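**Q** Take a look at this one; I'll ask things after.
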Amino acid sequence: MEIREQLENLVNDALKSAIEGGKLALAEVPQAAMERPRDTSNGDWASTVALRCAKQAKMNPRQIAQIIVDELPENDLVSQCEIAGAGFINLTLAPAVFQGVARCVRTEKDNFGKGEIPAGESYVNLEYVSANPTGPMHVGHGRWATLGDAMARVMRHAGYNVYEEFYINDHGTQMDIFGTSVAVRYLQLLGHDVALPENSYGGGYVKDIAQGIIDRDGDTWVSAPEEERMAAFREIAYSEMLQNMEATLAGFGNHFECWFSERSLYVAGPDGTSPVTRSLASMREKGFIYEEDGATWFKSTAFGDEKDRVCIKENGEYTYFMSDVAYHYDKLERGFDHLINIWGADHHGYVKRCEAMLAAWDRPGALEVVLGQLVNLYRDGEAVRMSKRTGEMVTFKELIEEVGVDATRYLMLSRSSDQPIDFDIEAAKKKDASNPVYYVQYAHARICSILRKVAPADAAAATLAGTMTMDALADQLIAVDTDLARLTEPSELALMRTMSGFSELVAAAARDRAPFRLTHFAQDLAGTFHQFYTTCHVIGEDAELQAARLYLLDATRIVLAKSLNLLGVSAPTEM
RNA sequence: GCGCCAGUGGCUCAACGGAUAGAGCAUCGGACUUCUAAUCCGACGGUUGCAGGUUCGAUUCCUGCCUGGCGCACCA
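All the letters of the first sequence, read from the start, carry residue numbers 3 to 577 under the numbering used here.
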């Protein structure tokens with residue numbers, strides 16, 4: 003049982019017996035609702051229950067607090083109990099409670115802080131990035147890549163069953179325009195006088211693709227029929243862009259269970275139906291589809307949208323929205339109960355109609371759209387849009403190459419997703435105190451260094467060579483039954499106290515889709531460690547104390563590594 | 001005009017409705033003969049955009065206003 007629950011039970015029991023004993027006149031038993039005071043001088047945990055029921059009980063809150071404290075059952079958790087301020091009940095826990103946390107960490111290792119699946123959540127589809135395959139990913143996509151990945155990691159650790167998906171918009175006229183753009187560049191490179199039509203893709207990468215085709219096939223496509231050439235080039239360019247995105251994201255540490263093609267939504271199966279026809283039929287059956295002005299409409303206003311939306315245009319073409327209708331329907335068909343989409347804030351106008359379609363299928367609330375604010379790039383405080391090298395929009399790939407994966411991820415995650423990010427490339431590249439990612443990683447590396455120092459030389463060397471994990475090394479050095487009773491220094495207790503909040507933090511970060519909180523936790527834990535490092539020595543203390551501190555150190559290492567891992571950031575063993 | 005997001009020290013950000021609003025950076029002053037100084041300690045710095053309301057208690061919730069970003073297609 004979590005410490006919070008145990009304390010709540012204690013206080014709740016006290017309340018109950020005070021009421022039953024006639025000392026408190028309350029119609030119903032209020033909840034203890036323990037919280038962690040920001041200032042540890044107010045104890046490790048506090049209850050505000052006395053404040054909240056003062057009015058009903060018609061008593062002074064401090065008086066109520068005293069009654070509750072008097073009724074607190076005997077226990078070995080609380081070492082000190084204080085009534086403070088207006089009527090706060092502040093509890094200080096016995097060191098043994100915190101020592102138990104350290105033991106729990108070393109026992110559970112990578113599973114420390116792992117949660118149970120929240121009620122009502124069974125199978126979550128998390129869709130993110132979903133960049134168009136008509137060009138390279140830009141910096142904003144990097145934010146979604148980071149956020150989605152961290153969200154998936156955090157939610158999994160909190161017990162959710164998460165399936166990560168990338169939606170490829172490979173259907174529709176934009177793809178033909180892409181193919182045409184490549185074809186024009188191809189002809190131009192071969193000396194033909196062809197103008198690039200308006201609305202074309204004009205980026206340098208289009209020319210590169212065309213050059214690639216020339217390198218492979220020469221001028222054989224010049225004589226091909228225009229339509230055929232466009233279609234062929236479209237497919238070549240598409241597959242190149244897709245490989246590009248896959249490689250960039252894989253290098254960034256992302257993994258998608260599924261790369262879902264929009265085209266597949268239009269392909270009929272053996273029974274002659276496709277997701278498009280099935281989703282439309284389902285809506286029609288429920289009475290939310292109608293024809294007007296030659297077009298086919300979804301009655302999204304029935305669910306709060308500001309206007310109805312077209313699914314099939316007057317000219318018979320399907321809208322982009324139709325694809326999304328089919329796509330979400332397909333997700334439901336594939337068995338997902340909860341659909342989470344991460345979108346840029348510039349798409350927020352699109353949310354209502356998508357929520358409406360889920361409601362039309364009697365699955366209101368099944369769709370959750372996480373909107374993220376955009377990324378502004380800076381270099382030494384100056385706004386940058388264009389890359390110096392290409393003269394075009396800075397791509398995500400360029401950003402990672404210049405800044406590095408860890409610093410990019412950490413910075414992208416260090417703000418709540420509904421805050422815009424001002425990403426300064428030069429600031430992100432700095433390897434000093436102003437860059438928090440190194441502060442956290444350094445704490446981890448420092449611990450590893452101490453562990454290596456007390457280890458046999460060959461084992462220490464093996465961890466540096468990568469042939470032995472730190473976990474394995476720690477297991478050699480640290481006895482399972484190490485006595486932790488000597489860990490009573492303030493900085494030792496602070497470390498364990500910080501770690502004791504980890505599982506609750508993971509649960510909250512998952513619930514609120516806010517992995518950025520892990521960055522604050524990691525910095526907090528790293529800071530607490532650095533303090534410990536300066537006040538407490540490990541090596542050279544008496545055998546019992548050294549053993550206990552090594553144990554604590556390794557617990558800290560595990561939690562630091564886990565926090566970084568949940569953010570998708572590496573935990574280096576030396577720096 | 002309507003809608004979404006946000007406004008907290010010079011800068012970047014925190015704070016389940018709780019206590020004296022916390023960190024980091026920057027600035028200034030200290031600490032390496034000791035397990036990594038990518039570290040630590042200290043100082044300076046605030047009318048939480050404005051005005052009301054709810055509450056024992058509001059940065060947090062409600063209303064109005066101001067400022068900034070984004071969006072309001074038979075485009076994708």
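Note that beta-carbon positions come from the ideal geometry of N, C-alpha and C, so glycine has one too. These numbers were taken from a predicted model, which means no experiment stands behind them.
Is DSSP giving Cys-83 helix, strand or coil here?
**A** strand
**Q** Output the boundary residues of the alpha helix (DSSP H) element that contains Phe-254.
**A** 228 to 254
**Q** Can you tell me where the beta strand (DSSP E) with Val-372 in it begins and where it stops?
**A** Its beta strand (DSSP E) spans residues 369 to 374.
**Q** Quick one: what's Thr-298 bridged to in DSSP?
**A** Beta-bridge pairing links Thr-298 to Glu-293, Ile-314.
**Q** Contact defined as beta carbons within less than 8 angstroms: I believe Glu-394 pairs with Gly-206. What is the distance between those atoms, to the nearest angstrom?
**A** 6 angstroms
**Q** To the nearest angstrom, how far is it from the Cα of Val-164 to the Cα of Met-157?
**A** Note on geometry: alpha-carbon atoms of Val-164 and Met-157 lie some 7 angstroms from one another.
**Q** Assuming the contact rule is C-beta atoms closer than 8 angstroms, Val-131 and Trp-146 should be a hit. Round their C-beta distance to whole Å, please.
**A** 5 angstroms
**Q** Under a three-way DSSP split, which group does Gly-346 fall into?
**A** strand
**Q** What is the rounded straight-line gap between the Cα of Ala-385 and the Cα of Asp-408?
**A** Rounded to the nearest whole angstrom, the CA to CA distance from Ala-385 to Asp-408 is 22 angstroms.
**Q** For the alpha helix (DSSP H) holding Val-353, just list the boundary residues, first then last.
**A** 353 to 362
**Q** Should the segment 108 to 115 be regarded as contacting the segment 67 to 85, the criterion being three or more beta carbon pairs within less than 8 angstroms?
**A** no
**Q** What does the alpha-carbon distance come out to for the pair Asp-332 and Ser-183?
**A** Between the alpha carbons of Asp-332 and Ser-183 lies a distance of about 32 angstroms.
**Q** Can you tell me whether Glu-259 is helix, strand or coil according to DSSP?
**A** coil
**Q** Roughly how many whole angstroms lie between the Cα atoms of Lys-433 and Asp-426?
**A** 14 angstroms
**Q** Check Leu-26 in the structure and name its three-state DSSP category.
**A** coil
**Q** State the Cα-Cα distance for the pair Ala-511 and Ser-505, rounded to the nearest angstrom.
**A** 10 angstroms
**Q** Compare the beta carbon distance of Ala-328 and Val-269 with 7 angstroms and say whether it is the shorter of the two.
**A** no
**Q** With a threshold of 8 angstroms, are at least 3 pairs of Cβ atoms found where one atom belongs to the segment 95 to 107 and the other to the segment 32 to 40?
**A** no
**Q** If you drop the 5 nearest sequence neighbours on each side, which residues of the same chain put their C-beta closer than 7 angstroms to that of Met-153?
**A** So the list reads Leu-128, Arg-515, Pro-517, once near-sequence residues are dropped.
**Q** Can you tell me the Cα-Cα spacing of Asn-77 and Ala-252, whole angstroms?
**A** 52 angstroms
**Q** Using 7 angstroms as the threshold, is the C-beta distance between Gly-181 and Arg-218 below it?
**A** no
**Q** Helix, strand or coil: how does DSSP classify Trp-146 here?
**A** helix
**Q** What is the DSSP secondary structure of Glu-394, reduced to helix, strand or coil?
**A** Glu-394 falls in the coil class under three-state DSSP.
**Q** Compute the distance between the beta-carbons of Pro-32 and Cys-55, then report whether it is under 7 angstroms.
**A** It is a contact, given that the beta carbons lie within the stated cut-off.
**Q** Return the chain-ordered ranges of every beta strand (DSSP E) run that is complete within the segment 163 to 211 and spans a minimum of 3 residues.
**A** 164 to 170
**Q** Pick from Leu-507, Arg-499, Asp-483, Ser-493: whose alpha carbon is nearest that of Glu-546?
**A** Asp-483
**Q** Buried or exposed for Val-141, please, with buried defined as at least 16 other CB atoms from any protein chain shown within 10 angstroms of its CB.
**A** buried
**Q** In the structure shown, what three-state DSSP assignment does Asn-378 receive?
**A** strand
**Q** Identify the continuous alpha helix (DSSP H) that holds Leu-129 and give its terminal residues.
**A** The question names Leu, but residue 129 is Glu in the sequence shown. Unbroken run through Glu-129 is the beta strand (DSSP E), 126 to 129; no alpha helix (DSSP H).
**Q** Please name the residue, chosen from Glu-10, Asp-178, Thr-42, Phe-254, that lies closest to Val-571 on a Cα-to-Cα basis.
**A** Phe-254
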